[in-house]
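Accompanying notes for the structure given below.
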Amino acid sequence: MLVLLPPSETKRDGGDGVPLALETLGFPALTATRDGVVADAVALSASPEAASRALKLGPKQAHEIERNRALQSAATMPALLRYTGVLYDALDAQSLTPEQWRFASRTVAVQSALLGLVRADDQIPAYRLSFDSRLSPTLKKRWAAACAMELAAVEGVILDLRSEGYAALGPLPARDDAYYLRVLARDENGTVRALNHFNKQAKGLFARALIEYGEDFGSVDALLAWSAAEGYELTRSTQRMGELDLVVPEIIGVPGKLNAVLRSAG
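Using this note's numbering, the first residue of the sequence shown is number 4, and each one after it goes up by one.
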């Protein structure tokens, strides 16, 4: 099984790992592409004005350019610890046990605009690069085919929690065990609709639940059976092929009520 996560714009500073060593990262077939993207990001940082335009940065975000300038010499840390923000706060990788970390390192990957697919425990530096950053060739052209080949080689279930922009950097293989996860909310009247503001939180909590359970599901049916037994409302979408719908109560994100945010709202 492979659980695909989006990165986040915000990154934690520092780290105690050695500088970026591309050859040590997961999905080694991506090394050549990684080398080119990193080199271009570093070169771009030599011109603050050009970098600000390409990375869509404001005057108060100059430190992001400095991060890119130091990509090849900065300290690193595991990817799941490097990323911050709503999804990663909900996943809370810092509190994972050693056994849970071992499971995550085998089954969780992040779709980075800088490095392509990276494993949960891959040592990466802080950086600033988004799926729509203005590099030439575009990041989609650089990553889509290469990452798609890597995903096609993955055996077993692929559960895609990435946003659409990052999913485009590595399209899923067209097969019956690769699914995109869509989060929906059911309000107190039973109406189901798209969940926007707390979408990332729901995905982070669900990814955490999968890591805690530690089962390498051999089929989507097995994943759905586990979800039902645990009280999660996860079903194949009746509207969109290749998607699973995770329906959560609309109270998600309300302080003091997070103990039940992913449980069945039915």
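We treat Cβ as the ideally placed atom computed from N, Cα and C, and that holds for glycine. None of these values were measured; they are calculated from a predicted model.
Exercise for the section: Locate the beta strand (DSSP E) running through Q114, then write down its first and last residues. Expected result: On the sequence shown, position 111 is the one that residue 114 refers to. Counting along the chain, the beta strand (DSSP E) containing Q114 begins and ends at V111 to S115.
Exercise for the section: Assuming V89 and K203 form a contact by the criterion Cβ under 8 Å, report the distance between their Cβ atoms to the nearest whole angstrom. Expected result: Working through the sequence shown from its first residue, we reach residue 89 at position 86. Working through the sequence shown from its first residue, we reach residue 203 at position 200. At roughly 4 Å, the Cβ-Cβ gap stays under 8 Å, so V89 and K203 are in contact.
Problem - Residues that DSSP places opposite L25 in a beta bridge - result: Position 22 of the sequence shown holds residue 25. In DSSP, L25 forms no bridge with anything.
Practice task
Tell me where the beta strand (DSSP E) around G119 begins and ends.
Solution key: For the purposes of this step, residue 119 is taken as the residue at position 116 of the sequence shown. From DSSP, the beta strand (DSSP E) with G119 extends over G119 to R122.
Practice task
Taking R85 as the reference, give the member of G61, A225, P9 and L208 with the closest Cα.
Solution key: Numbered from its first residue, the sequence shown carries residue 85 at position 82. Each of G61, A225, P9 and L208 was checked against the Cα of R85, and the nearest Cα belongs to P9.
Exercise for the section: Measure the beta-carbon distance from D190 to L175 and round it to whole angstroms, keeping in mind my assumption that it falls under 8 Å. Expected result: Here residue 190 corresponds to residue number 187 of the sequence shown, with the count starting at 1. Here residue 175 corresponds to residue number 172 of the sequence shown, with the count starting at 1. The Cβ separation is near 30 Å, so there is no contact.
Exercise for the section: Could you spell out where the beta strand (DSSP E) holding R189 opens and where it closes? Expected result: Indexing the sequence shown from 1 puts residue 189 at position 186. R189 -> beta strand (DSSP E) spans A181 to R189.
Practice task
Below 8 Å on the Cβ atoms is my guess for Q114 versus R72; work out the distance and round it to an integer in Å.
Solution key: As a first step, residue 114 is located in the sequence shown; it is residue number 111 there, counting from the start. As a first step, residue 72 is located in the sequence shown; it is residue number 69 there, counting from the start. No, Q114 and R72 are not in contact; Cβ-Cβ is about 24 Å, not under 8 Å.
Problem - Of the listed residues T194, T27, A44 and P81, nearest to E67 (C-alpha basis) - result: Your numbering for residue 67 matches position 64 in the sequence shown. Checked all of T194, T27, A44 and P81; the closest Cα to E67 is A44.
Problem - At least 3 beta-carbon pairs within less than 8 Å: the segment 75 to 84 vs the segment 116 to 130 - result: Touching, yes, given that three or more Cβ pairs across the two stretches are closer than 8 Å.
Problem - For E167: DSSP bridge partner residues - result: For the purposes of this step, residue 167 is taken as the residue at position 164 of the sequence shown. According to DSSP, which records beta bridges pairwise, E167 is partnered with nothing at all.
Handout entry: Cβ contact (3+ pairs, closer than 8 Å) linking the segment 92 to 112 and the segment 210 to 217
Key = yes
Exercise for the section: Express the C-alpha separation of W146 and V6 in angstroms, rounding to a whole number. Expected result: Against the sequence shown, residue 6 aligns to sequence position 3. Against the sequence shown, residue 146 aligns to sequence position 143. Distance between the alpha carbons of V6 and W146 is about 18 Å.
Problem - Local conformation of A197 per DSSP, three classes - result: Residue mapping note: residue 197 aligns to position 194 of the sequence shown, counting from 1. Of the three classes helix, strand and coil, the one that applies to A197 here is strand, per DSSP.
Problem - Same chain only: Cβ atoms within 6 Å of D180, ignoring 5 sequence neighbours per side - result: Locating residue 180 in the sequence shown gives position 177, counting from the first residue. Contacts found: V160 and V223.
Handout entry: Of the listed residues E158, E69, Q103 and R196, nearest to G221 (C-alpha basis)
Key = Taking the first residue of the sequence shown as 1, we reach residue 221 at position 218. The shortest Cα separation from G221 among E158, E69, Q103 and R196 belongs to E158.
Practice task
Taking L237 as part of the beta strand (DSSP E), name the residues at either end of that continuous run.
Solution key: On the sequence shown, position 234 is the one that residue 237 refers to. Note, L237: beta strand (DSSP E), E236 to R239.
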